Structure formats: C-alpha cells, structure tokens
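This report refers to the structure that appears directly beneath it.
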Amino acid sequence: MSRVRTIGGNWKLNLGPAEASKVATELVAAVVDRGDTRVTLFPTAISLTAVLEAVRGSGIHVGIQDVHTADSGAYTGANSATLARSAGATAALVGHSERRHVFGDSDATVHRKLIQCLDAGLLTTLCIGETLEQRDSAQTEAVLAEQLKSGFGELPPDRVATVTLAYEPVWAIGTGRTASPEMAQEAHAFVRAWLRQAYPDWVADDVCIQYGGSMKPANAAALLSCPDIDGGLVGGAALKAESFSAIILA
Ligand code: PEP
Numbered sequence: 007m008s009r010v011r012t013i014g015g016n017w018k019l020n021l022g023p024a025e026a027s028k029v030a031t032e033l034v035a036a037v038v039d040r041g042d043t044r045v046t047l048f049p050t051a052i053s054l055t056a057v058l059e060a061v062r063g064s065g066i067h068v069g070i071q072d073v074h075t076a077d078s079g080a081y082t083g084a085n086s087a088t089l090a091r092s093a094g095a096t097a098a099l100v101g102h103s104e105r106r107h108v109f110g111d112s113d114a115t116v117h118r119k120l121i122q123c124l125d126a127g128l129l130t131t132l133c134i135g136e137t138l139e140q141r142d143s144a145q146t147e148a149v150l151a152e153q154l155k156s157g158f159g160e161l162p163p164d165r166v167a168t169v170t171l172a173y174e175p176v177w178a179i180g181t182g183r184t185a186s187p188e189m190a191q192e193a194h195a196f197v198r199a200w201l202r203q204a205y206p207d208w209v210a211d212d213v214c215i216q217y218g219g220s221m222k223p224a225n226a227a228a229l230l231s232c233p234d235i236d237g238g239l240v241g242g243a244a245l246k247a248e249s250f251s252a253i254i255l256a
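Convert by adding 6 to the 1-based position in the sequence shown; the result is the number in our numbering.
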C-alpha cells in the first residue's frame, strides 16, 4: 500500500502575494519535521509565484485551486492546468464545493477539469461531498457514488490511483460544524468500498482520502486517527501558519 498522507491548505480568495509569502515562510519554518506527510498549499493564482518562491527547497507543494476545461483560448479570467504547471504549480484542486455550488460546476465539468490536471502532470485532488439537505434525506452515499462515477469517468485504474480524494461535507465547510470522527469515517469507508468495487483492490489501497470541513488543531488528531482518513483539506485554519502547522503535525 503506497497511500501518501496528505494535508492541503486551501486559501480560497484570501492572502495576496505579500501575506501569502509571509504565511508560507512561517509554515516552512514550523513544519521541517513533518515526516512522510505531503503538504500542499493552494493560494489564489495571483499569489502562486510568491508562494512558490517562499517554499522553494522545502518539499511543500503549491497548487492551483481550480482550472478551466480548456488549455488556452478566449476564456477571459480563466486559468488552465498547463499554464499553472508552467508557472511551477505541482498540484490542483477540482470539484471544490464552492466551485460546484457558487460557480455551478457540474459533475461533467469537474471530470473535464480532472483530465486537464492529470494530463498536465499535476497531483490532483478531487473534492466530493453532500449538502445538508442530501444528508438529511439519506442521500449521502448516492451523491458520493455519483460524484465518484462521473468524476472518474472512464479513467483507467493507474490514473485513478494517482488522484487524491477529499471528502468534504458541504455543511461542514467554513461553518465551524465538523463531522464527528465516526460520521467522517463512515463516509470515508463508503468511498473506499466504492473504489474497491469499481477498480482493482490496489487502487482502493493506494488512494489518499482526505477529510475537509472545519478541521482545526482541536479536532485534527481524532479525525486523522480514523482508519480511512488519510489526510485533511483545510480552509480557515490553513490561513495562519500556527494553526495549519499544528494540524500537519497532529
Ligand atoms: C475547504 O475549503 O476545503 C474547507 C474545508 O474549509 P474549512 O476548513 O474552512 O471548513
């Protein structure tokens, strides 16, 4: 099993180049002994170069928060996976709940973005998760299964195995409401079982499944000790080096 424990920090639309560089520099100093944990920062595209400079030589990855479905062309305001890669990014997020629910990314769009990122050679995180309404009406597993099926499409097992999944219940993102470790583990076990029935066993064993949704220093250790929780995708608590490093070291 070559599952890589991965902690991502999603800075969303926060931290311009100077602030982002400062937090990244503090983080590099705080997490020198992070063992085998892969750490990835997702600054706004405007701060990408400054963050790359700040983490140079530290082994910390820097990624793009979203990409367009095309490489280049008349798409004002968009960023692409290939351009992110050429700017030095090594990772990407696709399907974050804010992209799905604020910007209207469909499962089909998320799939096309995933392919763009994989083709560009980026370590790609596919985010999935149910809304509160879907959880309350017992649709969580159906929603996750559909997001996985459409997200991966016809990708072969060896490419699926390179993707990091982030289970992020929408009702827990930025709300301060965290899924309990039991609730999160149950969803992660479902995702792992879905992978196991769809692909050869080694894919389910290799894929890192992160939990995301109000993860903070106080709850990180309990969540990360669950057998199917292999890492975290952190929003608010990643904006400060002190809290983000405490999660990484948890
Ligand atoms: C996120 O943006 O992916 C996230 C999990 O945010 P927060 O930690 O603030 O809930």
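Yeah, the Cβ is synthetic: ideal placement off N, Cα and C, and Gly gets one too. The model shown is predicted, which means the values in this text are computed figures rather than measured ones.
- Comparing C-alpha distances from Thr130 to each of Val68, Gln191, Thr181 and Ser103 shows the shortest one belongs to Val68.
- In this structure, DSSP gives Thr75 a state outside helix and strand, which the three-state scheme calls coil.
- His117: member of the alpha helix (DSSP H) spanning Asp113 to Asp125, first to last residue.
- Here Ala178 is not near Leu33, since their CB atoms are 7 Å or more apart.
- With contact defined as three or more Cβ pairs closer than 8 Å, the segment 88-100 and the segment 59-76 are in contact.
- If the five residues before and after Ala256 are omitted, its C-beta is found closer than 8 Å to the C-beta atoms of Pro223, Ala226, Ala227 and Leu230, all from its own chain and listed in chain order.
- Exposure of Ile52 is indicated by the presence of fewer than 16 other C-beta atoms within 10 angstroms of its C-beta.
- With a contact defined as Cβ atoms closer than 8 Å, Val10 and Arg44 qualify at about 5 Å.
- In the displayed model, Ile235 falls within coil according to three-state DSSP, outside both helix and strand.
- Rounded to the nearest angstrom, the Cβ distance from Gly101 to Val240 is 17 Å, too far for a contact under 8 Å.
- Of the other Cβ atoms in all chains shown, fewer than 16 fall within 10 Å of the Cβ of Leu19; this residue is therefore exposed.
- Not one heavy atom of the ligand PEP lies closer than 6 Å to the C-beta of Val73.
- For Phe48, the enclosing beta strand (DSSP E) starts and ends at Arg44 to Phe48.
- The Cβ neighbour count for Asp111, taken over all protein chains shown within 10 Å, is at least 16; the residue is labelled buried.
- Nearest to Leu138 by C-alpha distance, out of Arg202, Leu154 and Thr184, is Thr184.
- Under the DSSP definition of a beta bridge, Tyr217 partners with Tyr173 and Gly238.
- Judged by pairs of C-beta atoms under 8 Å, the segment 211-223 does not touch the segment 140-150, as fewer than three such pairs exist.
- DSSP places Thr137 in the coil class of the three-state scheme, outside both helix and strand.
- Secondary structure note for His107: its alpha helix (DSSP H) is the uninterrupted segment Ser103 to His107.
- Counting along the chain, the unbroken beta strand (DSSP E) around Ile13 starts and ends at Thr12 to Asn16.
- Within the same chain, Cβ atoms closer than 6 Å to the Cβ of Ala56 are found at Pro23, Ala26 and Ser27, the five residues on either side in sequence being excluded.
- Distance between Met221 and Ile66, taken at the CA atoms: about 20 Å.
- Distances from the alpha-carbon of Glu160 to those of Arg62, Tyr205 and Ser8 put Tyr205 closest.
- A straight line joining the alpha-carbon of Leu120 with that of Ala190 spans about 24 Å.
- When only Cα atoms are considered, Pro233 and Val166 end up about 21 Å apart.
- Cβ-Cβ distances below 8 Å link Ser249 to Lys222, Pro223 and Ala243 in the same chain, with the five nearest sequence neighbours on each side left out; the list follows chain order.
- In the three-state reduction of the DSSP assignment, Leu33 falls in the helix class, which pools H, G and I.
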